[in-house]
Amino acid sequence: MEFFVQQLVNGLTLGSVYALIALGYSMVYGILKLLNFAHGEVYMVGAFIGYGVLTMAGGAADPVLPAAVLVPLMFLAAMIGSGLLGVAIERFAYRPLRDAPRIAPLISAVGVSFFLQAAALLLFTARIRNYDTPELIPFSVGVEVGPLRISLVRILVIVTAVVLMVALTLLVSRTRLGKAMRATAYDREAAAMMGIDTDRVIAATFFIGSVLAGAAGVMIGLVFSRVFHFMGFLAGLKGFTAAVVGGIGNIPGAMVGGLLIGLAEAYAAAYLSSRFSELVVFTILIGVMLVRPSGLFGTPALQKV
Amino acid sequence: MTKIGTDEWVAQVGERTEAYRGLTAPVRRTWNGIPLGWRFAAAMLLVALLPVATDSSYVVRVGVNAFLFGLLALGLNVVVGYAGLLDLGYIAFYGFGAYTYALLSSDQIGVHLPAELTLIVVVALTAGLGYVLGLPSRRLLGDYLAIVTLFFGQVFVQLAIHLDRLSLPWADGPVNVTGGPNGIVGIDPIRLVGVTFSSVTDYFYLLLVAFVALAVGLHRLTASRTGRAWRALREDPLAAEQMGLPVNRLKLLAFAVGGAVAGFAGAVFAAVQVGVFPQNFETLLLIMIYAAVILGGAGSLPGVAIGAAVIAVFPEVLRTPDYARLIFYGVVLGGLVALLRPWSRLAAVLAGTVVLGFVVRFATAAAWPDAAAVAPGGLVARALGAWVATPPNATTVGNVAFVLLVPAVLAVTRLRGPARTWALPTVLYLAAFVWETRLVAEPSVTRQLVLGAILVVMMTARPQGLLGTPRVEML
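Pasting the structure below:
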């Protein structure tokens, strides 16, 4: 039972990271009907920015700032940096293709993803960087729940993710920008005719989605301490799986999908074999796609002529 | 040029009239006048002389790779270029073919079938797999299909890595199917009707024949009923269905044909390499094949063949710094000549770049006299050594310069008029500096960067590829 609950915590931690990545995919898909393959790389860049801030502050072992200041600073830098990167990608790789056949932006996205990966490889080499989180926030610090202890890092990750998701939900449902985003997602041309600057709304969507991905990058860095150029690929695939399982384009769906995928991966690794945890995730995706292509919460897409 | 309201035919005519203008018009007119078949035959004859002309087995090996690439690109072209189905799991067919051949012709499970039979089995199995993978395409549209196939490709690699300790209910211990990360080695060479293909040159000719046969076959297919039906499906699946085309059957057929071609290429690859490993079938290769198809022009056979040749040969050229330099500066110069008008502006930009280079080089050399010059090489390198700045910690400075270069290049594409002329020398010099300090020394990373950039630039600048026909959306 203890083991089961421990895996539940693991799954929730992973799941909240996947959910944040999934939100970016889902929002972009909802508004542009574009699979942003470069999203995983934005997350990778976020993790590296967090690492860069940590290194500039003297490293985890001997930081010049207290952890309570440094960690939020890492989050902030990664989120802003990733957000700007997302806007730049949209501006130069997707916007010129707004009216091109659907396959064109997709291939462009694959190209961006490849370029960013290679750029990270060039700048940071293939060496795996380490956040050394235990030296910054000792794993022994945590909350005791019955027989097991949940480390502060995991609590931090889950709480931050929840706060970000609540903020996003409020933004989309309550603000003018959120309203404009929903209108643009519903019908871009009609929204433009109603006086909405759709280009700006799309840029804002990319910014918000990428901000979440950047935060997810730092979270993974804090929990697993491993940052490398190829990390965006698998995480991107899983975040993407989460978005699809939840119903792509659907914001609460992406959150639920992320948690589901995280839990599935944690339990598969614990009870089956860690070698097959990825296979389990991919099989879930292919299964969901075949049985219910619109995802758990999505509405079936109608092809309009 | 506004593209709305023009159709494929009008676009073709437009391209043809354009070919009869300008300085190179006579050359282009003569070239276009030669029938496509003759041009293809001449090109293939030239290529066939390659093993005779050189005694370096490395060059022939590159040729073999180029042909494998060509086969893969032609196969992918059927799925993506003709039928318009975005198949991101294409590489799995290649891997599946390679692994099937390896299993049936090695000591892995102790089976050594004759190659005639193995090749037939491989092609049949991969075509069948293509059919099965195509089944979801009946329901899944566009992007969703891309996802499922992408994951299919991932699952294949995962299986290849992890199926080395498979526990089966009827076997005693764990069964080793794929050899895991160590792959399968010691694969038999291909032996057809008593002829053993033993050297790389033999495989070169085998692939040449296969490539010619496939290209001719596909060329005939293009204009056939099926080929036209595929294009109709690509342009508008809904309209195609309304016209009574068997849409689902066409999709499955495209997947099966593409799969069979990739499977055959995989089998030959396994035989040439004498081994198969999971890392042979990763996403990098998929991206390279896509780049080949996109670069040449999806749907255009000569385009795809040329694209495959370029993408296969280009990484090999990057390995030698001197050749890599020639290509880099050649492409930059060519791009400037093509884009900058009038000539005076071009001259000003070039002169500005050269002068800026000498000034910066002089300043850095004065400030840090003992910093190393450009990596050793031939004449070009020595000339560049006198021009490119030599700061200490060249790697770090080069990295910073790279980070600055990417936004700078993007910004220049947005600038117009005199601002662009003023900005260009700095950006060019920055590019040369990054090239000399970082990229020339890292050919594999440079290859990835360039491949990624090719995909983006081609999509934004010329989505139809170099030789493709512009596709226009009718409104």
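Protein chains in written order, with the working numbering: chain A, 1139 to 1443; chain B, 2 to 476.
For glycine and all other residues, C-beta sits at the position ideal for the given N, C-alpha and C.
Remember, it's a predicted structure, so these values are computed and weren't measured experimentally.
Interface residues of the region 1375 to 1390 of chain A facing chain B [CB-CB below 9 Å] | Leu1375, Phe1378, Thr1379, Val1382 and Ile1386
Check whether the region 109 to 121 of chain B touches the region 186 to 202 of chain B, taking contact to mean three or more Cβ pairs, one atom from each stretch, closer than 8 Å.
-> yes
Whether Leu86 of chain B touches Val80 of chain B by CB criterion (8 Å) = yes
When DSSP labels each residue in this structure, what does Trp275 of chain B get in the three-state scheme?
-> Note on identity: in this sequence residue 275 of chain B is Val, with Trp being the wrong assignment. Here Val275 of chain B sits in coil by DSSP.
For the beta strand (DSSP E) holding Glu1282 of chain A, just list the boundary residues, first then last.
-> Gly1280 to Val1283
Chain A beta carbons: is any one of them nearer than 8 Å to that of Arg463 of chain B?
-> no
Chain B contacts made by the region 1235 to 1247 of chain A, where a contact means CB separation under 9 Å = Leu1235, Asp1237, Ala1238, Pro1239, Arg1240, Ile1241, Ala1242, Pro1243, Leu1244, Ile1245, Ser1246 and Ala1247
Members of the region 130 to 157 of chain B near chain A, C-beta cut-off 8 Å = Pro137, Arg140, Leu141, Leu142, Gly143, Asp144, Tyr145, Ala147, Ile148, Val149, Leu151, Phe152, Phe153, Gln155 and Val156
Answer with buried or exposed for Ser57 of chain B, where buried requires no fewer than 16 other C-beta atoms within 10 angstroms of its C-beta.
-> exposed
If you count every other CB in all the chains shown that lies within 10 Å of the CB of Met1194 of chain A, and 16 or more means buried, which is it?
-> exposed
Go to Ser1287 of chain A, then tell me how far its beta strand (DSSP E) extends in each direction, as first and last residue.
-> Just to set this straight, residue 1287 of chain A is Arg in the shown sequence, not Ser. Segment Leu1286 to Ser1289, the beta strand (DSSP E) holding Arg1287 of chain A.
Expected contact under 8 Å - CB spacing of Asn66 of chain B and Ala313 of chain B to nearest Å = 5 Å
Asp237 of chain B versus A:Leu1223, A:Ile1386, A:Met1332 and A:Arg1240, residue with shortest Cα-Cα distance | A:Arg1240
Between the CA atoms of Ala1318 of chain A and Ile1389 of chain A - distance to the nearest angstrom | 15 Å
By how many angstroms is the C-alpha of Gly1385 of chain A removed from the C-alpha of Ala503 of chain B?
-> The structure shown has nothing for residue 503 of chain B, since chain B only spans 2 to 476.
Check the Cβ-Cβ distances between Phe1420 of chain A and every residue of chain B, and say whether any is below 8 Å.
-> yes
Do we get a CB-CB distance below 8 Å when we pair Val1250 of chain A with the residues of chain B?
-> yes
Since Ile1296 of chain A contacts Ser1154 of chain A with CB under 8 Å, what's their CB separation in whole angstroms?
-> 5 Å
Taking the alpha helix (DSSP H) that Ser301 of chain B falls in, what are its first and last residues?
-> Here Ser301 of chain B belongs to no alpha helix (DSSP H), and DSSP marks it neither H nor E.
CA nearest to the CA of Gly300 of chain B, picked from B:Arg62, B:Val156, B:Thr55 and B:Leu77 | B:Leu77
Close beta carbons around Thr365 of chain B, own chain, < 8 Å, minus the five adjacent residues each side | Ala372, Ala390, Thr391 and Pro392
Option nearest Ala84 of chain B by Cα separation, candidates B:Leu341, B:Arg250 and B:Ile185 | B:Arg250
Taking DSSP as the reference, what is the three-state secondary structure of Asn394 of chain B?
-> coil
Which residues share a DSSP beta bridge with Ile185 of chain B?
-> B:Val277
Going by C-alpha distance, which of A:Gly1162, A:Gly1149, A:Asn1148 and A:Leu1150 is nearest Thr1307 of chain A?
-> A:Gly1162
So is Met460 of chain B in contact with chain A if we call contact Cβ pairs under 8 Å?
-> yes
Length of the line joining the Cα atoms of Val441 of chain B and Trp32 of chain B = 36 Å
Check whether Leu1286 of chain A and Glu1140 of chain A have beta carbons under 8 Å apart | yes
Keeping to the same chain, check which residues put their C-beta closer than 6 Å to that of Leu1254 of chain A; ignore five residues upstream and five downstream.
-> Glu1179
May I ask which residues mark the beginning and end of the alpha helix (DSSP H) holding Leu114 of chain B?
-> Counting along the chain, Leu114 of chain B falls outside any alpha helix (DSSP H), and DSSP gives it neither H nor E.
When DSSP labels each residue in this structure, what does Asn177 of chain B get in the three-state scheme?
-> coil
Count the other C-beta atoms from every protein chain shown that fall within 10 angstroms of the C-beta of Val36 of chain B, then say buried if there are 16 or more, exposed otherwise.
-> The sequence given here has Pro at residue 36 of chain B, not Val. The residue is exposed, with fewer than 16 neighbouring Cβ atoms inside 10 Å.
Looking at the structure shown, is Asn1174 of chain A part of a helix, part of a strand, or coil, going by DSSP?
-> coil
Give a yes or no on whether the C-beta atoms belonging to Leu1397 of chain A and Leu1146 of chain A are separated by under 8 Å.
-> no
Mind checking the region 414 to 446 of chain B against chain A and listing, in chain order, the residues whose C-beta falls within less than 7 Å of any C-beta there?
-> Arg439, Glu443 and Val446
Does the beta-carbon of Trp231 of chain B have 16 or more other beta-carbons within 10 angstroms, so that it is buried, or is it exposed?
-> buried
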